Structure formats: structure tokens, C-alpha cells
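Undergrad: Just so you know, the sequences run in chain order W and V. Each number in the numbering used here comes from the position in the first sequence (counting from 1) with 1 added on. Each number in the numbering used here comes from the position in the second sequence (counting from 1) with 34 added on.
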Amino acid sequence: MATQERIIDNVTGHPQRVRISPRSGTLSWALQRVTSYGLLVFLTVHLLLNYYVPILRGTPLAFEDYSQRFIAYPIIYAVNEWGLLICALFHGLNGVRNVVYDMVTNSAVRRIFTVLLVVIGVYFLVDGSLTLLALMRMEP
Amino acid sequence: VNKTFGDRYRGTVGMLAWGLHRVSGLILTVYVLFYIYSLRAAQEGAQSFNQMMQGYQTPFWRFMGLLLLLMLLFHTFTGIRVLLFDAGRGLGSQRALFWIAFVLSIAIFLFSAVIGFTNLPPAAGVSR
Chain W
2 MATQERIIDN VTGHPQRVRI SPRSGTLSWA LQRVTSYGLL VFLTVHLLLN YYVPILRGTP
62 LAFEDYSQRF IAYPIIYAVN EWGLLICALF HGLNGVRNVV YDMVTNSAVR RIFTVLLVVI
122 GVYFLVDGSL TLLALMRMEP
Chain V
35 VNKTFGDRYR GTVGMLAWGL HRVSGLILTV YVLFYIYSLR AAQEGAQSFN QMMQGYQTPF
95 WRFMGLLLLL MLLFHTFTGI RVLLFDAGRG LGSQRALFWI AFVLSIAIFL FSAVIGFTNL
155 PPAAGVSR
């Protein structure tokens with residue numbers, strides 16, 4: 002897809018020429034919305050089970066509580082926890098990237114930040130997955 | 035000075051909503067990374083995991099947890115407000131929606147703070 006040029010007048014009220022690059026960030030924007038819907042579901046379930054239930058019963062959550070949940074609801078609980086891990090990491094780190102892109106216009110600096118955030122995301126995704134596997138008592 | 039800029043920004047609540055949404059989002063991201071890192075105790079076994087979870091029961095961490103909950107609630111409700119605008123809804127009542135988001139997050143925060151500090155046995159916060 003090549004860079005397009007268009008005349009728009011609905012932003013400032015005056016006609017202006019804009020260049021629409023294929024790398025304009027539409028995918029980043031769309032995925033930020035998708036993960037926000039994911040977080041609304043996964044984080045609500047996670048907080049009800051892991052924040053409010055321990056508060057109501059008066060003791061912190063134990064390792065065995067998690068393992069029992071993974072045994073009782075193997076698919077749905079794993080989907081919820083991994084969905085939360087992926088959505089939270091992407092939404093948070095992409096949000097940091099949005100802030101960087103608002104503050105920095107230098108494309109080299111932007112690329113360094115993007116690579117750095119991807120590396121951080123992959124590291125924590127692997128680390129969090131190993132933690133979830135350990136909680137399921139399924140150490141690789 | 036760009037005339038359009040001066041025309042549009044009159045110091046209304048929208049800029050505040052945008053700024054607070056950003057700041058809370060950045061703090062929550064740092065917290066998520068910290069939380070995943072501390073949960074790796076589970077990889078060393080049940081005992082170190084339970085010790086770590088017990089460590090979060092101190093008054094300091096319960097207070098921090100409530101602060102984070104407040105930020106999370108505020109970020110969530112102002113985020114829903116943004117999603118509504120993306121769908122083309124509520125554009126005429128942006129200010130009212132900000133205050134609804136504000137009041138909802140304060141209300142759920144206060145509810146959680148009350149059950150958090152009344153429902154726990156008093157000894158649980160100090161030692162067990």
C-alpha cells in the first residue's frame with residue numbers, strides 16, 4: 002500500500018493536504034480497542050476471584066486455591082488468565098508507545114522505543130506463562 | 035499561536051480527563067510488570083508463592099492496592115467514555131460523562147475500601 006495524499010477540511014475547518022501513510026498506526030489503535038474489551042471481561046473476572054473473594058473471606062489467596070480453580074474449570078480459567086496476561090501486557094505497553102509517539106517525532110528514537118517495548122512484552126509474556134504453568138502444576 | 039488551538043482549548047474538563055487517563059495508564063503498566071515479576075515466586079513452589087501473597091497483607095500494601103484499584107477504576111470508566119466517543123455516542127455530553135466516570139470510580143473505591151478494612155480479621159494485617 003502506497004502513501005496517499007488527501008485534502009481534508011473536517012479537522013481544523015480549513016482545507017489542508019494530509020499524507021496518509023500505511024504505517025499510520027491504525028492496527029495499533031484497533032488492537033488497543035480490542036484489548037480494552039478483553040480487559041473489561043478478563044480483569045473483571047480476575048478481580049472478583051482474586052481481589053474481592055479473599056477480602057470477603059479474610060485470608061489471602063493460596064497456591065492451592067489457584068491450582069484447584071485450574072482443575073475445576075480447566076479451559077475457561079486458563080483462557081481467562083492467559084487472555085488477561087496478553088491483553089494487559091499489550092494494552093499497557095502499547096499505551097506507553099502511544100505516549101512516546103505523542104512526545105517524540107524522531108523516527109529512530111520511536112523505533113528504539115518500539116523494539117524495547119516489544120522485548121519487554123515478550124519477556125514478561127514468557128515469564129507470566131511460566132508462572133501460570135507452575136500454578137497449574139504443569140512445569141515444563 | 036495557532037488560532038484553532040486557542041479556539042478549542044478553554045481549560046475544560048476534557049484535558050483533565052485525558053491527562054489523568056494517561057498518568058493512571060502509565061502507573062498501571064508499571065504495576066502490571068511489577069506484579070507479574072513478583073508472581074514468579076510461584077515458579078519456585080507453593081511455599082514461596084504463599085509467603086509472597088502473605089507479604090501483600092501488610093497495611094502498606096493493602097493501602098497501595100486500594101490506590102491502584104482507584105486508578106484502575108478511573109482508567110476503566112474514562113476508557114469506556116473514550117470507547118463511547120469512538121462509537122459516535124455521548125459526544126454531546128462529554129463533561130457529564132467525565133463526572134459520571136469520576137463518581138462511579140470513587141463509589142466503587144469507597145465500597146472496596148470499607149469491605150477491605152472491615153471484613154479482614156485485625157490480626158491478618160500484622161502477622162499470622
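Backbone N, C-alpha and C fix where the C-beta goes; we use that ideal spot for every residue, glycine too. Since the model is a prediction, treat every value here as computed from it, not as a measurement.
Between 36(W), 111(W), 114(W) and 9(W), which has its C-alpha nearest residue 113(V)'s C-alpha?
TA: 36(W)
Undergrad: So, using beta-carbon positions, are residue 100(W) and residue 115(V) closer together than 8 Å?
TA: no
Undergrad: Can you look up residue 17(W) in the DSSP assignment and give me helix, strand or coil?
TA: strand
Undergrad: Assign residue 10(W) to one of two classes, buried (16 or more other C-beta atoms within 10 Å of its C-beta) or exposed (fewer than that).
TA: Classification of residue 10(W): exposed, given that the 10 Å Cβ count is below 16.
Undergrad: For the alpha helix (DSSP H) containing residue 129(V), name the first residue and the last one.
TA: 128-152
Undergrad: Give the C-beta separation of residue 122(W) and residue 91(W) to the nearest angstrom, bearing in mind that I take them to be a contact with Cβ-Cβ under 8 Å.
TA: 7 Å
Undergrad: If you compare alpha carbons, which of 68(W), 119(W), 56(W) and 96(W) is closest to residue 52(V)?
TA: 96(W)
Undergrad: Assign residue 5(W) to one of three DSSP states: helix, strand, or coil.
TA: strand
Undergrad: DSSP on residue 137(W), reduced to helix/strand/coil?
TA: coil
Undergrad: Output needed for residue 44(W): all residues of its chain with C-beta closer than 7 Å, excluding positions within five of it in sequence on either side, in chain order.
TA: 85
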